[in-house]
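These notes are about the structure you will find just below.
In our numbering, the protein residues as written are 413 to 725.
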């Protein structure tokens with residue numbers, strides 16, 4: 413596969429550059445993963461655009477995060493794509509600028525060092541033009557702290573409660589996003605691609621320094637790999653903790669985390685890439701695989717089919 417060898421990363425400087433960006437402009441590991449609090453049950457209807465009316469959506473890659481334009485309650489909005497977020501969210505100031513609308517059931521999401529508190533909002537309509545419509549109840553959170561870290565207003569997050577029903581294709585080369593029914597997305601004939609099985613919880617098996625790790629595919633992280641502290645110590649050892657990088661979660665709090673380069677093996681690919689510690693993770697998960705690595709490919713993620721496909725660019 414062009415640019416990829418069994419011995420290292422060749423001709424792909426973006427991973428190293430991504431680490432420098434993370435160090436200077438923070439590691440945007442979205443921590444809306446509701447650790448310690450189960451995800452809210454989906455209470456919205458999702459419908460896909462069919463036939464000739466369907467077309468892909470342009471994306472903006474901003475500091476390694478995938479943003480796109482949508483229509484939220486009839487107004488233009490900037491949406492973050494993040495299957496690592498258990499739920500889809502809207503910014504509470506966007507849907508209720510006066511702060512006087514009735515509030516629904518409370519919601520709490522842990523960021524590892526603190527919590528984000530929100531509430532359910534009924535009657536929300538989120539439209540990704542020419543691709544899908546969501547109508548129903550979404551969670552409203554104060555996304556302002558994370559927006560300040562990103563440097564752009566984030567009005568909504570399209571999370572796992574929607575994306576896990578779909579086949580999602582991201583084409584970084586032409587900056588487009590494809591959202592279709594599960595099972596309907598495959599690489600074109602002759603493409604240099606490989607597919608990896610995923611668990612029902614969205615986890616894939618990989619190796620770091622030849623040690624097995626279980627990783628979640630996280631489209632809402634701009635890092636390469638972020639491990640739990642325990643997994644980082646296991647695969648890299650205590651000597652690797654003398655290098656630090658800045659990290660920020662959705663609450664806007666900035667922390668530092670140990671970082672080291674390591675040999676990463678995923679399917680047929682072996683690459684030397686940066687690995688950070690300090691991830692907010694559920695039990696049994698070693699880390700998250702983010703866009704600094706994934707964006708080197710065209711990505712096809714189909715959670716219902718339990719398959720991740722990476723296509724060489």
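Beta carbons: idealized from backbone N, C-alpha and C, even for Gly.
Integer Cβ distance of residue i from residue j, believed to fall under 8 Å
i	j	result
residue 578	residue 593	7 Å
residue 628	residue 646	Not a contact, Cβ separation roughly 17 Å.
residue 618	residue 648	So it is not a contact: roughly 14 Å between Cβ atoms.
Reference residue i, options the options, closest by Cα
i	options	result
residue 506	498, 553, 586, 715	553
residue 361	471, 518, 475, 716	No answer is possible for residue 361: it lies beyond the span of the chain, which begins at 413 and ends at 725.
residue 565	697, 504, 455	504
residue 534	501, 541, 562	501
residue 601	467, 724, 472, 455	724
residue 572	677, 676, 703, 499	499
residue 549	684, 537, 559	537
residue 634	605, 603, 687	687
residue 612	641, 632, 576	576
residue 529	542, 695, 515, 682	515
residue 591	696, 718, 712	712
residue 706	640, 484, 473, 567	473
Residues that DSSP places opposite residue i in a beta bridge
i	result
residue 607	721
residue 705	Answer is none; residue 705 lacks a bridge partner.
residue 459	545
residue 685	674
residue 488	483
residue 477	474
residue 700	628, 638
residue 561	Answer is none; residue 561 lacks a bridge partner.
Chain B within 8 Å of residue i, Cβ atoms only
i	result
residue 458	Within the model displayed, chain B is absent; a lone protein chain is all it includes.
Pair within 8 Å by beta-carbon distance, residue i and residue j
i	j	result
residue 699	residue 637	yes
residue 495	residue 714	no
residue 546	residue 456	yes
residue 489	residue 482	yes
residue 393	residue 689	Nothing can be reported for residue 393, as the shown portion of the chain is limited to 413 through 725.
residue 469	residue 589	yes
residue 574	residue 458	yes
Which ranges does the beta strand (DSSP E) cover as unbroken runs of at least 3 residues, wholly within the region 585 to 643, from first to last along the chain? 588 to 593, 605 to 609, 615 to 620, 623 to 629, 637 to 639
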